[in-house]
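**Student:**
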Amino acid sequence: MTSDNETGKLQPFPWHLGVYDAHCHPTDTMSSISSLPEMKARILTVMATRTQDQELVAQTADKYGIKSGSIGSTPNSWGKEERMIPCFGWHPWFSHQMFDKDTYGDRDTLDEEAKISHYQLVLSPKHDDLSREERRLFASLPDPRPFSQFLKQTKSYLERYPLALVGEIGLDRSFRIPEVRPPESENNRDGSLTPGGREGRKLSPYRVQILHQKKLFKAQLNLAGEMQRAVSIHGVQAHGLVFETLQETWKGHEKQVLSKRQKKKQAENSNPVAEIEDKDGKKQNSPKPFPPRICLHSYSGNPEAFKQYLNPAIPAEIYASFSTAINLSDRHDAAASTALECLIKTVPDDRLLVESDLHTAGPQMDDHLEDMVRRLCEIKGWNLNEGVERLGRNWKRFVFGNRG
Ligand SMILES: [Zn+2]
13 MTSDNETGKL
23 QPFPWHLGVY
33 DAHCHPTDTM
43 SSISSLPEMK
53 ARILTVMATR
63 TQDQELVAQT
73 ADKYGIKSGS
83 IGSTPNSWGK
93 EERMIPCFGW
103 HPWFSHQMFD
113 KDTYGDRDTL
123 DEEAKISHYQ
133 LVLSPKHDDL
143 SREERRLFAS
153 LPDPRPFSQF
163 LKQTKSYLER
173 YPLALVGEIG
183 LDRSFRIPEV
193 RPPESENNRD
203 GSLTPGGREG
213 RKLSPYRVQI
223 LHQKKLFKAQ
233 LNLAGEMQRA
243 VSIHGVQAHG
253 LVFETLQETW
263 KGHEKQVLSK
273 RQKKKQAENS
283 NPVAEIEDKD
293 GKKQNSPKPF
303 PPRICLHSYS
313 GNPEAFKQYL
323 NPAIPAEIYA
333 SFSTAINLSD
343 RHDAAASTAL
353 ECLIKTVPDD
363 RLLVESDLHT
373 AGPQMDDHLE
383 DMVRRLCEIK
393 GWNLNEGVER
403 LGRNWKRFVF
413 GNRG
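Per our numbering, the very first residue in the sequence shown carries number 13; after that it's consecutive.
1. Would you give the residue range spanned by the alpha helix (DSSP H) that S368 belongs to?
2. Nearest-angstrom Cα distance between Y331 and W407?
3. What I want to know is whether the C-beta of M51 ends up closer than 7 Å to one or more non-hydrogen atoms of ligand 1.
4. State the DSSP-derived secondary structure class of H309, mapped to helix, strand or coil.
5. Tell me whether K319 is buried or exposed, calling it buried when 16 or more other Cβ atoms sit within 10 Å of its Cβ.
6. Using 7 Å as the cut-off, classify the Cβ of H380 as near or not near the heavy atoms of ligand 1, replying yes or no.
7. Classify V285: buried if its beta carbon has 16 or more other beta carbons within 10 angstroms, exposed otherwise.
8. Going by the DSSP bridge assignment, what does T5 pair with across the sheet?
9. Within 10 angstroms of the Cβ of K226, are there 16 or more other Cβ atoms? Answer buried if so, exposed if not.
10. Is there at least one non-hydrogen atom of ligand 1 closer than 7 Å to the beta-carbon of S96?
11. Start and end of the beta strand (DSSP E) containing H28?
12. According to DSSP, V220 sits in a beta bridge with which residue or residues?
13. Taking the Cβ atom as the reference point for each residue, do V366 and A34 lie within a distance shorter than 8 Å?
14. Looking only at C-alpha atoms, which of V411, I356 and F410 sits nearest to V385?
15. Name the residue from R147, A231 and S136 whose alpha carbon lies nearest to the alpha carbon of K418.
16. Taking its Cβ as the centre, do 16 or more other Cβ atoms sit within 10 Å of H344, making it buried, or is it exposed?
17. Report the three-state DSSP secondary structure of L177 (helix, strand or coil).
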């Protein structure tokens, strides 16, 4: 941490103004959930990623969710037990565990041969002749599920939790799928962790085909649009394709941006029209194929790539959130620090969010958030109170939209 006054002492952190974690995974360590009411952070935005955590996020929302109808404007207007916003989605790291209707019709399960050929289809590198080793690996991976079933389940969660968002979803070109743990080591695993995560397992050489990932990503974007919920997006080594996929969802819905001449003409005709017009006009909150608000979580693209999102014709509100865990992991590298600074300056003041991306709730999560908020304020030239208030307003706008 850096000091923000001359004595070298840190200014006290204004937790009382409300600090909101825009992206985290505390249900990966369920024993940490009971610490939510004691946390300094006011509200956590809790992601679901895979089979094992969807229902855990729902249960956490039953206990600690913000009750709809109490969307307060100050941190104190929520009860002490109202600590989180649930999010439901399928993470790209688990995308291979889904099969899709186009290939397999309305089947609920795949038999062993179909399972192996599914994995052969969606994983790369591809080999026409499966080695015995590959057959063994593919057969040992989880039984794939129909994606249509998952979408239905997600929709019903979104209906059950009117404030829930869609996340974590996205595209990742760099991850490789972990190998399956041998049965004899199953007893040695850390029982406090929610199953299905990596847990230090060795990585196989296999990645999930990006077009398969894209299919799942796009369907979830469409669902978020249909339900008019914001999304939290993971993009790693796929910034271009994330943008293209989003662009496909809002194609034909772009806002009409008036040129200077058009504006002048309008002024002459004394016709008071908004500078930017939404072609969908008054039908706000009606189903659309794209999400109304989008958070690029732990955004790692370069400023030039981010600038694409500043196009005023884009009909969705685009936010970027930053975490100590991901964005400051190489903070001692001067070039990386400068690049991050430049990126954060590119993000408009009202579109910046903070997140921990951590897998355990509690003091460490608070520390990470404080660390990142101080850094964001420094870069943006905000004093701490101003910065915390701004980030809080941004989070409320991202999560609640115009209901906030
Ligand atoms: Zn995450």
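Cβ coordinates follow ideal geometry from the N, Cα and C atoms, glycine included.
**Tutor:** According to the structure shown:
1. Counting along the chain, S368 falls outside any alpha helix (DSSP H), and DSSP gives it neither H nor E.
2. 9 Å
3. no
4. coil
5. exposed
6. no
7. Residue placement at V285 is flagged as unreliable, the pLDDT there being 47, under the threshold of 50; the coordinate-derived value follows with that caveat. Its Cβ having fewer than 16 others within 10 Å, V285 is exposed.
8. Because the chain is modelled from 13 through 416, residue 5 falls outside the range shown and cannot be assessed.
9. buried
10. According to the sequence displayed, residue 96 carries Met and not Ser. No, Cβ of M96 sits at least 7 Å from all heavy atoms of ligand 1.
11. Looking at the DSSP string, H28 is not in any beta strand (DSSP E), and its letter there is neither H nor E.
12. L135
13. yes
14. I356
15. With the chain running from 13 to 416 in the structure shown, residue 418 is simply not present.
16. exposed
17. strand
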